[in-house]
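Just so you know, the protein sequences line up as chains R and F, in that order. With the numbering used here applied, the first sequence corresponds to residues 709 to 936, in that order. With the numbering used here applied, the second sequence corresponds to residues 709 to 936, in that order. Yeah, the Cβ is synthetic: ideal placement off N, Cα and C, and Gly gets one too.
Number of protein chains: 2
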Amino acid sequence: LIEVVNVSKVYRMGGNEFWALRDINLEVFEREFLAIMGPSGHGKTTLMNIIGLLDKPSTGKVFIDGVDTAKLNDDELSKLRNRKIGFVFQQYNLINRMSVLENIEVPLLLRGLSRSERVRLAIRAIEMAGGDKSWLSKKPNQLSGGQQQRVAIARAIVGDPEIILADEPTGNLDTASSKIVMQTFSRLNGIGKTIVMVTHNPEVALCSKRILYIRDGRISGDEVPDPT
Amino acid sequence: LIEVVNVSKVYRMGGNEFWALRDINLEVFEREFLAIMGPSGHGKTTLMNIIGLLDKPSTGKVFIDGVDTAKLNDDELSKLRNRKIGFVFQQYNLINRMSVLENIEVPLLLRGLSRSERVRLAIRAIEMAGGDKSWLSKKPNQLSGGQQQRVAIARAIVGDPEIILADEPTGNLDTASSKIVMQTFSRLNGIGKTIVMVTHNPEVALCSKRILYIRDGRISGDEVPDPT
Ligand SMILES: Nc1ncnc2c1ncn2[C@@H]1O[C@H](COP(=O)(O)OP(=O)(O)OP(=O)(O)O)[C@@H](O)[C@H]1O
Ligand SMILES: Nc1ncnc2c1ncn2[C@@H]1O[C@H](COP(=O)(O)OP(=O)(O)OP(=O)(O)O)[C@@H](O)[C@H]1O
Ligand SMILES: [Mg+2]
Ligand SMILES: [Mg+2]
């Protein structure tokens, strides 16, 4: 479903060259539940942004469902993202001048749904994310850190995307809220969604079926989780 | 050193009233290392902002070193904060148009130090936070989430404040980076600093000497950590 071929990403700053990713080759099949772990600053978000078509690699290609994304123009990329991918950002990227409801319904706006249908889906999404529908009329900056994180998760899942990319989705959550989020991800995976999740939390990684380790911009390990 | 007397915080939205904190009474003595835990959305950040003099309570008082903060004007509050308190924000609050160095040196600007002295202190602070001095010339949005978190920690400690308030300082850090941060906090506590740290991570809470539990805006527990 997702194929990353020979991908590298370099940042050039002044005279310097910094390789955030080097020679990444990765296949993620349908219905996989993949966790990505690795030290801070070693390329996990960079890889997620490239898989999620939010950023372009310096070398190599990304195929989504067999489509070579390098051949798509910005408009086609944007449509593909909107249809197939839900993204939970590490820093949430909520829009403070819109209500929580308006934030969550963004992925639905191009689908020709009625407002009441969008509200119904938003309520369902926020509850699946372990949140509360009373938040819908608030602004994001009237919510706690962990509440905002759950709104970001709700926005990523509201459009029922085939692929969910979650960049550290439980970093600001207590254990009980993390459990609810992971139960939702497991349930979505069970009904056929593909999940790729960055996490620093080994307990969260245990909910996945495969763990990829990233170190210094390269894949340093690829294994099945071991609960011991 | 920090005395919270009968503090409550209410938010009024439309016809509704929401009590984020109720009847908080708390004493934090010099050289304490206090962890605050509790479910997401239950008032921990609200309490930290009030202790840190960034927000005013709806009822009650906050005393810092015996000073009744309600009697201070904004200028005096700001001076007291700058002198005595270092704050690590849950969302970092770094300024993207300034370099990392400029972000870290903010607390030092009113101290009449030379630029080379400020740079020396910033380098020391970022290394104590488990970061790297190569970040100093970058902008915050050129850093990973966990790197930005460590810059926020560096800024909080660079001015050698008596009180360090850290709101979930390790949420985006891997285990190794978290250890370095906690070692720094323990060392600062050992030389006399008072530390109040919100965390969702029970392992991080074990580094403290006292754990306060917050539930529904109230203190629901106050105990010594138990490693079992
Ligand atoms: N725009 C940029 N310019 C220069 N360097 C960058 C830029 N964006 C990212 N980097 C660097 O690329 C590296 C990888 O960053 P990335 O955000 O992918 O790390 P990460 O593994 O997600 O870390 P964390 O666990 O802290 O979130 C970091 O060292 C970072 O400083
Ligand atoms: N400006 C505001 N208007 C209305 N409600 C608010 C406002 N700011 C905070 N709240 C509410 O106050 C409650 C406590 O928020 P707070 O940020 O203190 O929680 P927290 O314990 O830090 O949570 P987390 O662990 O998720 O960071 C939340 O329910 C939040 O929705
Ligand atoms: Mg990251
Ligand atoms: Mg908080």
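Residue from the options with nearest C-alpha to residue i
i, options, result
"R:Thr883", "F:Asn733, F:Glu740, F:Leu729 and F:Pro747", "F:Pro747"
"R:Ala837", "R:Val889, R:Gly853 and R:Ser807", "R:Val889"
"R:Ile871", "R:Lys792, R:Phe726 and R:Arg823", "R:Lys792"
"F:Ser885", "R:Lys901, R:His908 and R:Gly867", "R:His908"
"F:Asp773", "F:Leu818, F:Val712, F:Leu817 and F:Gly867", "F:Val712"
"R:Pro910", "R:Thr936, R:Arg720 and R:Gly867", "R:Thr936"
"F:Arg858", "F:Met721, F:Val770, F:Ser845 and F:Val808", "F:Val808"
"R:Leu729", "R:Asp783, R:Ile927 and R:Pro933", "R:Ile927"
"R:Met806", "R:Gln850, R:Ala864 and R:Asp776", "R:Gln850"
"F:Arg819", "F:Pro869, F:Gly723, F:Glu725 and F:Pro848", "F:Pro869"
"F:Leu844", "F:Ser824, F:Ala864 and F:Glu810", "F:Glu810"
"R:Glu725", "R:Leu742, R:Ser766 and R:Glu740", "R:Ser766"
"F:Arg720", "R:Asp776, R:Asn781 and R:Lys846", "R:Lys846"
"F:Gly929", "F:Asn790, F:Leu785 and F:Leu742", "F:Leu742"
"F:Ile865", "F:Val814, F:Glu740 and F:Val775", "F:Val814"
"R:Ser932", "R:Gly722, R:Gly723 and R:Glu740", "The displayed chain sequence assigns Val, not Ser, to residue 932 of chain R. Taking only the C-alpha atoms, the option nearest R:Val932 is R:Glu740."
"F:Gly794", "F:Arg863, F:Lys887 and F:Asp840", "F:Arg863"
Partner residues on chain C for residue i, Cβ-Cβ distance less than 7 Å
i, result
"R:Leu761", "The structure shown contains no chain C; its protein chains are R and F."
Three-state secondary structure assigned by DSSP to residue i
i, result
"F:Ala890", "Reading off the sequence shown, one finds Met at residue 890 of chain F, where the question assumed Ala. Of the three classes helix, strand and coil, the one that applies to F:Met890 here is helix, per DSSP."
"F:Met905", "strand"
"F:Gly898", "helix"
"F:Ala837", "coil"
"R:Lys769", "strand"
"F:Leu829", "helix"
"F:Ser928", "strand"
"F:Ile919", "strand"
Segment limits, alpha helix (DSSP H) that includes residue i
i, result
"R:Ile744", "That residue, R:Ile744, is in no alpha helix (DSSP H); its beta strand (DSSP E) goes Phe741 to Met745."
"F:Arg791", "Asp782 to Lys792"
"R:Asn733", "Note, R:Asn733: premise wrong, no alpha helix (DSSP H); beta strand (DSSP E) at Asn724 to Val736."
"R:Val912", "Pro910 to Ala913"
"F:Thr753", "Lys752 to Ile759"
"R:Val808", "Val808 to Ile812"
Cβ-Cβ distance between residue i and residue j below 7 Å
i, j, result
"F:Ile744", "F:Leu920", "yes"
"R:Ile861", "R:Val796", "yes"
"R:Ala830", "R:Ile803", "no"
"R:Glu876", "R:Val827", "no"
"F:Val718", "F:Ile732", "no"
"R:Gln798", "F:Gly749", "no"
"R:Ile922", "R:Lys764", "no"
"R:Leu816", "R:Gly867", "yes"
"R:Thr902", "R:Glu738", "yes"
"F:Gly925", "F:Trp727", "yes"
"R:Val904", "R:Leu873", "yes"
"F:Lys769", "F:Ala778", "yes"
"R:Tyr800", "R:Gln856", "yes"
Delimiting residues of the beta strand (DSSP E) encompassing residue i
i, result
"R:Glu870", "Note, R:Glu870: premise wrong, no beta strand (DSSP E); not H, not E."
"F:Met721", "Ile710 to Met721"
Quick check: the region 889 to 898 of chain F against the region 751 to 765 of chain R, are at least 3 beta-carbon pairs closer than 8 Å?
no
Touch check for the region 914 to 930 of chain F and the region 911 to 920 of chain R: three-plus C-beta pairs under 8 Å?
no
Are the region 836 to 850 of chain F and the region 758 to 773 of chain F in contact at 8 Å, needing three or more beta carbon pairs?
no
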